[in-house]
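**Student:** Can you read through this structure? Questions will come right after.
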Amino acid sequence: MRLLLLGNEAIAYGALSGGVAVATAYPGTPSTEIIETLEEFKDRFVHWATNEKVALELAYGAALAGARALTAMKHVGLNVAADPLHSAAYTGVVGGLLVVSADDPWMYSSQNEQDTRWYGLQSYIPVLEPGDPAEAYKMAKTAFELSERLRHPVLMRSVTRVSHVRAPVELEPPAPPRWGRFTRDTKRFTLVPANARERKKELVEKWEKIIDVAGEYMTAEGSGDVVIVTSGVAYNYVKEAVKRLKIEAVVVKLGMSVPVPRKITELAKSVVVVEEGDPVVELQLRSMGVATKGKLEGFFPKYGELDVGKVAAGLAKALDIPYAPPQPVKAPLEPAPRPPALCPGCPHMGTFYILRVATSGLNPVWSGDIGCYSLGINMGQQDLITHMGSSVGLGSGIAVAGGQFVVATVGDSTFYHAVLPQLIDVVTRQIPILIVVMDNAYTAMTGGQPSPSKAVPVEKITEALGLPTFVIDPVDIKKSIDVVKRAVEVVKTGKPAVVVSRRPCTLIATRKARRAGLQLPKYRVDPDKCTGCGLCYNLLKCSAISKRPDKKAYVDPALCVGCGMCAEVCPFGAFVVEGRREQWLELWRQA
Amino acid sequence: MATSIVIVGVGGQGVLTLARWIGEAALAEGYDVRIAEVHGLSQRGGSVEVHVRFGKEVYAPIVEEGGADFVVALEALEAVRAYRYLRPGAVLLVNKRVIQPPGRWYDLKELIEAIKRSWPRSYVVPCYDAALELGSALYENSVMLGFLSQLLGLPMPSSLDERNQAAFRKGMQLFQEAAAADQ
């Protein structure tokens, strides 16, 4: 069966054909669709874990028991899972363990450009690097056998342009899941110092063997004096650039880019290296005594994504041949930027407005976090966003450093992922901080995976810890401002407080309304009443509302979802509703 | 030789779906296909850009600047933003619709005039108006698909439901009218 599959779907189907039994992940762009695809297969254990460490532990444990297991995450998620990852190399595994980590060069949806392949070198775990969905399918399918043959975990490094590229893939049917039962092997699995020392000795020996195994994943095509070494998605750009430049070259593709196979030294003493991300292959080649022209001396850019043009320009420079790159056309005008914005009717929009009003005069530090609510940056209400859990983690540090009023905003999924342990510290030291959990019931940014918030409500946890907790509905703006002001008063007395702002993701609710055949109410502006004060488009910042040339507000009827937050904030009653709102708000509340 | 298409619009307009339909139609015709999608943050109401390449043999999944044979814009301001992808002789397709960006107001007519003047090889397609006539703005991408299919020589993808098929045919009709007006 030949289908047009996303790289992530191909990885999932590959794992199915490889007999995966346990598959876990925490959602993160560009890795999310791997587990989403597997979710339909009820004969396996497929699970959205609370965070990447929990996800890897489930898969690693299953593999120790002899099952075939996969865990998937984005590159920064691997940092969260790094502790068990390193131990997995020491103990090795019994059943195949495949750890997929998807990098995001040029950071379309991430805070950094980290290259997963470094983890392979650091943890002594081999890294497979597919270049397209078809190859990702094959590699995922055979990774379990490789892992079992080596009795060692295997990493797969994908990138946005593999995970989120759709291409034809030839599919085979799924293989039955391989489950396992744990067999005691104390010397191997208990990493107390005496055992760990023995394991380290074994590990370096094993690594020597893996350097040869990497050769099985190396291919060479073409002929000529020039040797180009490439891996992963970069191979595709090399193929087209070589054709464009009409050069005769041997193109060496490393399917396993960590470790670089020993046999490559037999091919050439001097090579051009083209790779996506950091110079991981290039540095390995240099350590083997091969002269290289790659990223280190800047033949290819050291940041961002490659494309055919960049690779052609780099090859031309490295080989000293002329090349005239295509010249981009100049546009007739400079279009205003259209940065990502909260969806029309997003509950976060209401929460930010409520918080701004309830803390006015306090000049709070807005300690932000990773999720849709990062877009509070558009309202000037995210002063820092660095990693999962930065809201409460860094916010607490700022609060103890100098006594500023800190508002930590975090979504429900990130709350469970990273904030739970931080809460204990907030309580034990009574750190004065206003923690706002924006509970929209889903991991919305990555497409709406379920979060634990329905099964384990936030207020049950915070109340059990003795934290004063206030629950609000963000579309009910006026009433909520008064409630949040009470929470602010608690923090002013030098104690922590929690606000849970609860309303499900609007995107998911509107989808459900459409399916239920419910017509959404729409708001429009009465131009006689609108004074052009700008509260709705400047402060609430609903993206369905724009500013007319006469400063009056305009609601785009195609974008309005009838949340009514504009009517709540308008002091002049200028928003007029058409249709009924009660039934919609109720369906939305239960979405 | 691969055909390189850059499709742009605003999050929520069905840019991804349009790209997948083109890919599906190209695959059905026996071509190799690459679609470079965007997910996550980049989708949220902001500018969206998806690349489609098809041909006998395709490797690179993305189109470089100055490398597109077709730029297809579901929104006029995004069309302007995507100029950098046009290669000399490329065809630009623009939906006759502006979605106002935050803090600015653009006049649709002026925008369309500026595009027509600066890139003569452009078609302004009233996908939005046609979609509204068909009952919902949701169909503007299938109207555009119908129009574009005539330029690419690709069939209607088999996965379109009845209402999208009607929109597709409307797009084909708009192309024929545009072609007749050209002569």
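Chain order of the listed sequences is Y and E. The opening residue of the first sequence carries number 0 in numbering that gives the first Met the number 0; numbering runs sequentially from there. The opening residue of the second sequence carries number 0 in numbering that gives the first Met the number 0; numbering runs sequentially from there. By construction, the Cβ of each residue, glycine as well, lies at the ideal position given by its N, Cα and C atoms. Model, not experiment: these values are computed from the prediction.
Could you tell me which of Y/E567, Y/T461 and Y/S452 sits nearest to Y/V425, measuring between CA atoms?
**Tutor:** By 1-based counting over the first sequence, the position of residue 425 of chain Y is 426. Measuring from the Cα of Y/V425, the nearest candidate turns out to be Y/T461.
**Student:** Taking the beta carbon of Y/Q589 as the centre, do at least 16 other beta carbons fall within 10 Å, making it buried, or is it exposed?
**Tutor:** Numbered from its first residue, the first sequence carries residue 589 of chain Y at position 590. With fewer than 16 Cβ atoms within 10 Å of its Cβ, Y/Q589 is classed as exposed.
**Student:** From the beta carbon of E/V37, is the nearest beta carbon of chain Y less than 9 angstroms away?
**Tutor:** Reading the second sequence from its first residue, position 38 is the one you call residue 37 of chain E. So yes, E/V37 belongs to the interface.
**Student:** Tell me whether Y/E581 sits in a helix, a strand or coil according to DSSP, three-state version.
**Tutor:** The count along the first sequence starts at 1 and reaches residue 581 of chain Y at position 582. It is helical.
**Student:** Could you round the C-beta distance between E/M143 and E/L73 to whole angstroms and report it? I think they count as a contact, below 8 angstroms.
**Tutor:** Position 144 of the second sequence, counted from the first residue, corresponds to residue 143 of chain E. Position 74 of the second sequence, counted from the first residue, corresponds to residue 73 of chain E. Indeed they touch by this definition, with Cβ atoms about 6 angstroms apart.
**Student:** Measuring only between beta-carbons, confirm whether E/V123 sits less than 9 angstroms from chain Y.
**Tutor:** Here residue 123 of chain E is taken as the residue at index 124 of the second sequence, counted from 1. Cβ-Cβ to chain Y under 9 angstroms: no for E/V123.
**Student:** Using a Cβ-Cβ cut-off of less than 8 angstroms, list which residues of the stretch 228-252 of chain Y approach chain E; keep chain order.
**Tutor:** Those residues of the stretch 228-252 of chain Y that come within reach of chain E (Cβ to Cβ, closer than 8 angstroms) are V232, Y234, N235, Y236, K238 and E239.
**Student:** Since Y/H386 meets chain E, which of its residues come closer than 9 angstroms, beta carbon to beta carbon?
**Tutor:** By 1-based counting over the first sequence, the position of residue 386 of chain Y is 387. The premise fails here: Y/H386 is roughly 15 angstroms from chain E at the closest Cβ pair, so nothing lies under 9 angstroms.
**Student:** Could you tell me which of Y/V126, Y/K245, Y/Q421 and Y/S109 sits nearest to Y/K320, measuring between CA atoms?
**Tutor:** If you number the first sequence from 1, residue 320 of chain Y lands on position 321. Contrary to the premise, residue 320 of chain Y reads as Ile rather than Lys in this sequence. Closest by alpha carbon: Y/K245.
**Student:** Give the residues of chain Y in contact with E/V97, contact being defined as C-beta atoms less than 8 angstroms apart.
**Tutor:** The count along the second sequence starts at 1 and reaches residue 97 of chain E at position 98. The premise fails here: E/V97 is roughly 10 angstroms from chain Y at the closest Cβ pair, so nothing lies under 8 angstroms.
**Student:** State the DSSP-derived secondary structure class of Y/L466, mapped to helix, strand or coil.
**Tutor:** The residue labelled residue 466 of chain Y in the question sits at position 467 within the first sequence. Correct three-state label for Y/L466: coil.
**Student:** Where do the N-terminal and C-terminal ends of the alpha helix (DSSP H) with E/R106 fall, by residue?
**Tutor:** As a position in the second sequence, residue 106 of chain E is number 107, starting the count at 1. First, the residue type needs correcting, since residue 106 of chain E is Asp and not Arg in the sequence shown. Looking at the DSSP string, E/D106 is not in any alpha helix (DSSP H), and its letter there is neither H nor E.
**Student:** Just the C-alpha distance for Y/L63 and Y/L383, rounded to the nearest angstrom, thanks.
**Tutor:** For this step, residue 63 of chain Y is matched to residue 64 along the first sequence. For this step, residue 383 of chain Y is matched to residue 384 along the first sequence. Cα-Cα distance, rounded: 40 angstroms.
**Student:** Taking its Cβ as the centre, do 16 or more other Cβ atoms sit within 10 Å of E/V9, making it buried, or is it exposed?
**Tutor:** Within the second sequence, the letter at position 10 stands for residue 9 of chain E. Buried, by the Cβ-count rule.
**Student:** Just list the beta strand (DSSP E) runs in the stretch 418-491 of chain Y, keeping only unbroken ones of 3 residues or longer that don't cross its boundaries, in chain order.
**Tutor:** Entirely contained in the stretch 418-491 of chain Y, the beta strand (DSSP E) runs reaching 3 residues are, in chain order, 433-438 and 468-471.
**Student:** Y/G18 to Y/K205, Cα distance in whole Å?
**Tutor:** For this step, residue 18 of chain Y is matched to residue 19 along the first sequence. For this step, residue 205 of chain Y is matched to residue 206 along the first sequence. Taking the straight line joining both Cα atoms gives about 25 angstroms.
**Student:** Would you please state the rounded distance, in angstroms, between the beta carbons of Y/P431 and Y/G493? I believe it to be under 8 angstroms.
**Tutor:** For the purposes of this step, residue 431 of chain Y is taken as residue 432 along the first sequence, with counting starting at 1. For the purposes of this step, residue 493 of chain Y is taken as residue 494 along the first sequence, with counting starting at 1. About 5 angstroms separates the two Cβ atoms, so the contact holds.
**Student:** If contacts are defined as beta-carbon pairs under 8 angstroms, then Y/A240 and Y/V310 qualify, I think. What distance do you get, rounded to the angstrom?
**Tutor:** In the first sequence, residue 240 of chain Y corresponds to position 241, counting from 1. In the first sequence, residue 310 of chain Y corresponds to position 311, counting from 1. Indeed, because the Cβ distance is near 4 angstroms, the residues count as touching under 8 angstroms.
**Student:** Could you tell me which of Y/M72, Y/G119 and Y/L538 sits nearest to Y/A88, measuring between CA atoms?
**Tutor:** Here the question's residue 88 of chain Y lines up with position 89 in the first sequence. The shortest C-alpha separation from Y/A88 is found at Y/G119.
**Student:** Distance cutoff 9 angstroms, beta carbons only. Does Y/K540 sit that close to anything in chain E?
**Tutor:** Taking the first sequence and counting its residues from 1, the one referred to as residue 540 of chain Y is at position 541. With 9 angstroms as the cut-off, Y/K540 counts as an interface residue toward chain E.
**Student:** Could you pull out every residue in the same chain whose Cβ sits closer than 8 angstroms to the Cβ of Y/S30, ignoring the five residues on either side in sequence?
**Tutor:** Sequence index remark: in the first sequence, residue 30 of chain Y carries index 31 (1-based). Result list for Y/S30: N7, A24, A71, M72, K73, G76, V99, S100, A101, S157 and S162, in chain order.
**Student:** On the premise that E/Y127 lies in contact with E/R96, defined as a C-beta separation below 8 angstroms, what is that separation, rounded to the nearest angstrom?
**Tutor:** Within the second sequence, residue 96 of chain E is the residue found at index 97, counting from 1. Within the second sequence, residue 127 of chain E is the residue found at index 128, counting from 1. Between E/Y127 and E/R96 the Cβ distance is about 4 angstroms, and since that is below 8 angstroms, they are a contact.
**Student:** Along the chain, where does the alpha helix (DSSP H) containing E/D181 start, and where does it finish?
**Tutor:** In the second sequence, residue 181 of chain E corresponds to position 182, counting from 1. Its alpha helix (DSSP H) spans residues E161 to D181.
**Student:** Could you pull the start and end residues of the alpha helix (DSSP H) that Y/I507 belongs to?
**Tutor:** Indexing the first sequence from 1 puts residue 507 of chain Y at position 508. It spans T505 to R514 - the alpha helix (DSSP H) in which Y/I507 sits, taken as one unbroken run.
**Student:** DSSP puts Y/S500 in a beta bridge; with which residues?
**Tutor:** Looking up residue 500 of chain Y in the first sequence gives position 501. Per DSSP, Y/M437 and Y/I471.
**Student:** Taking the straight line between their C-alpha atoms, what separation do you get for Y/G221 and E/P60?
**Tutor:** For this step, residue 221 of chain Y is matched to residue 222 along the first sequence. For this step, residue 60 of chain E is matched to residue 61 along the second sequence. Going by the C-alpha atoms only, they are around 22 angstroms apart.
**Student:** So with Cβ pairs under 9 angstroms, would you call Y/D368 a contact of chain E?
**Tutor:** Within the first sequence, numbered from 1, the residue matching residue 368 of chain Y stands at position 369. It does not: the Cβ of Y/D368 has no partner Cβ on chain E nearer than 9 angstroms.
**Student:** Round the Cβ separation of Y/H416 and Y/M387 to the nearest angstrom and send it over; I've been treating them as touching at under 8 angstroms.
**Tutor:** Numbered from 1 along the first sequence, position 417 holds the residue referred to as residue 416 of chain Y. Numbered from 1 along the first sequence, position 388 holds the residue referred to as residue 387 of chain Y. With a Cβ gap of about 5 angstroms, Y/H416 and Y/M387 count as contacting.
**Student:** If we count the other Cβ atoms within 10 Å of its Cβ and call it buried at 16 or more, is Y/P570 buried or exposed?
**Tutor:** Within the first sequence, numbered from 1, the residue matching residue 570 of chain Y stands at position 571. By the 10 Å Cβ count, Y/P570 comes out exposed.
**Student:** Tell whether a beta-carbon distance below 9 angstroms holds between Y/A68 and Y/L96.
**Tutor:** The sequence position of residue 68 of chain Y within the first sequence is 69, counting from 1. The sequence position of residue 96 of chain Y within the first sequence is 97, counting from 1. Yes, the Cβ-Cβ distance between Y/A68 and Y/L96 is below 9 angstroms.
**Student:** For Y/M106, which option in Y/G303, Y/G308 and Y/V487 has the closest C-alpha, if you only look at C-alpha atoms?
**Tutor:** Numbered from 1 along the first sequence, position 107 holds the residue referred to as residue 106 of chain Y. The candidate whose alpha carbon is nearest that of Y/M106 is Y/G303.
**Student:** Bridge partners for E/A81 per DSSP, in chain order?
**Tutor:** Counting from 1 along the second sequence, the entry for residue 81 of chain E is found at position 82. BP columns for E/A81 are empty, so no partner.
**Student:** Per DSSP, Y/M255 forms a beta bridge with which residues?
**Tutor:** Your numbering for residue 255 of chain Y matches position 256 in the first sequence. For Y/M255, which the question treats as bridged, DSSP gives the partners Y/L127.
**Student:** Tell me, which residues are paired with Y/F414 by DSSP?
**Tutor:** Within the first sequence, residue 414 of chain Y is the residue found at index 415, counting from 1. Partner(s): none; Y/F414 has no beta bridge.
**Student:** At which residue ranges does the stretch 332-382 of chain Y contain complete alpha helix (DSSP H) runs of 4 or more residues, listed in the order of the chain?
**Tutor:** Listed in chain order, they are 346-357.
**Student:** In whole angstroms, what is the alpha-carbon distance linking Y/Y123 and Y/E197?
**Tutor:** Along the first sequence, read from residue 1 onward, the residue named residue 123 of chain Y stands at position 124. Along the first sequence, read from residue 1 onward, the residue named residue 197 of chain Y stands at position 198. Cα-Cα distance, rounded: 15 angstroms.
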